[in-house]
Amino acid sequence: MKIGLFGGTFDPVHIGHLVAARLAKEALKLDRVIFIPAGVPPHKNGFGLTPAAKRLQMAVLAVGYEPDFQVSDWELQQEGPSYTVDTLEHFASQFPDDELYFIMGADMLCDLPNWQSPTRILELASLIGMTRPGFAMDECRSTLRRVFPRSEERIHYVEMPGLEISSTWLRERLRERKSVDYLIPERVIRFIEENGLYDRRANS
Ligand code: ATP
Ligand code: MG
Numbered sequence: 107m108k109i110g111l112f113g114g115t116f117d118p119v120h121i122g123h124l125v126a127a128r129l130a131k132e133a134l135k136l137d138r139v140i141f142i143p144a145g146v147p148p149h150k151n152g153f154g155l156t157p158a159a160k161r162l163q164m165a166v167l168a169v170g171y172e173p174d175f176q177v178s179d180w181e182l183q184q185e186g187p188s189y190t191v192d193t194l195e196h197f198a199s200q201f202p203d204d205e206l207y208f209i210m211g212a213d214m215l216c217d218l219p220n221w222q223s224p225t226r227i228l229e230l231a232s233l234i235g236m237t238r239p240g241f242a243m244d245e246c247r248s249t250l251r252r253v254f255p256r257s258e259e260r261i262h263y264v265e266m267p268g269l270e271i272s273s274t275w276l277r278e279r280l281r282e283r284k285s286v287d288y289l290i291p292e293r294v295i296r297f298i299e300e301n302g303l304y305d306r307r308a309n310s
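Numbering (the working numbering), first residue to last: 107 to 310.
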């Protein structure tokens, strides 16, 4: 089996994430994609992050009943920061007979040389970089080719329609009480409203 792992803060999950997962699955013929909400991600300090349980629930609601999309709470169960390399070690031992693919946006992929243990990451999984507006894929590709010359076939680039959407932008809209219709799955919007998430008074 080919398993896609899709890490992120998902604060909140949005259509950019869902389209990326769907198109990565199609392009690399993955059997399923597992969304993995991050605990406190190494590059974000955790301040102002929506509680893990809520981000997990939003991911579960977004994935809904799609049999080929799942959500794992593994990173949320870990103490402290979750490095991708640790997550991949875990899934590699859980699925020893499967091929792992780690899905991410181009913004993350281009930064690979700065990650913890990138060479080990490339041994554990193939990487799938999804195009994202504002990130020059060609530049990224040539940098990674230079830094990791032996791993070229482990790194895949997948075009997706440019969705200039980020959770940061959506959090701002939610705080300003602007519409996020169609940008976030309806069930997730309802959950955000019911739980008073991203409310200016509650969170900042
Ligand atoms: P934030 O603004 O809080 O950083 P985000 O929208 O970047 O949120 P993350 O949870 O950080 O969302 O992203 C999880 C993964 O999804 C990352 O690999 C990121 O690059 C990718 N991603 C997020 N939004 C898009 C998008 N619109 N197009 C392509 N990839 C995306
Ligand atoms: Mg991000």
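Each residue gets a CB set at the ideal place from its N, CA and C atoms; glycine is no exception. Quick caveat, the model's predicted, so the values are computed rather than measured.
Listed by position along the chain, the residues with Cβ atoms less than 6 Å from a non-hydrogen atom of the ligand ATP are Gly114, Thr115, Phe116, Asp117, Gly122, His123, Ala126, Met210, Gly211, Asp213, Met214, Met236, Arg238, Leu269, Ile271, Ser272, Ser273 and Thr274.
If you compare the alpha carbons of Asp117, Gly110 and Ala133 with that of serine 273, the shortest gap goes to Asp117. Inclusion of isoleucine 209 and methionine 243 in the CB contact set at 8 Å is not warranted, their separation being larger than that value. Of the other Cβ atoms in all chains shown, fewer than 16 fall within 10 Å of the Cβ of serine 199; this residue is therefore exposed.
Its chain contains Phe112, Gly114, Phe116, Phe141 and Ala168 as the residues whose beta carbon lies nearer than 8 Å to that of histidine 123, once the 5 sequence neighbours on both sides are disregarded; these appear in chain order. Judged by pairs of C-beta atoms under 8 Å, the region 154-167 touches the region 293-302, as three or more such pairs exist.
Proximity to methionine 214 across Leu129, Leu250, Phe197 and Trp180 peaks at Leu250, based on C-alpha coordinates. Beta-bridge pairing by DSSP links isoleucine 234 to Ile209 and His262. Pairing valine 191 with arginine 226 gives a Cβ-Cβ distance under 8 Å.
Ranked by Cα distance from tryptophan 221, the first of Ala130, Ser232, Glu195 and Tyr189 is Tyr189. Between glycine 145 and the set Gln183, Gly110, Gly170 and Lys135, the nearest pair of CA atoms involves Gln183.
The Cβ atoms of lysine 131 and aspartate 174 sit closer than 8 Å to each other. For the 8 Å CB-CB criterion, tyrosine 207 and alanine 231 form a contact. For lysine 108, the uninterrupted beta strand (DSSP E) run begins and ends at 108-114, by DSSP. Judged by DSSP secondary structure, glutamine 163 falls within the alpha helix (DSSP H) whose first and last residues are 158-169. Boundaries of the alpha helix (DSSP H) around arginine 296: 292-301.
When Arg293, Tyr304, Gly302 and Asn301 are compared, the shortest CA-CA separation from tyrosine 171 is found for Arg293. Going by beta carbons, isoleucine 290 and histidine 120 fall inside the 8 Å limit. Within 10 angstroms of the beta-carbon of proline 224 lie 16 or more other beta-carbons, which makes it buried.
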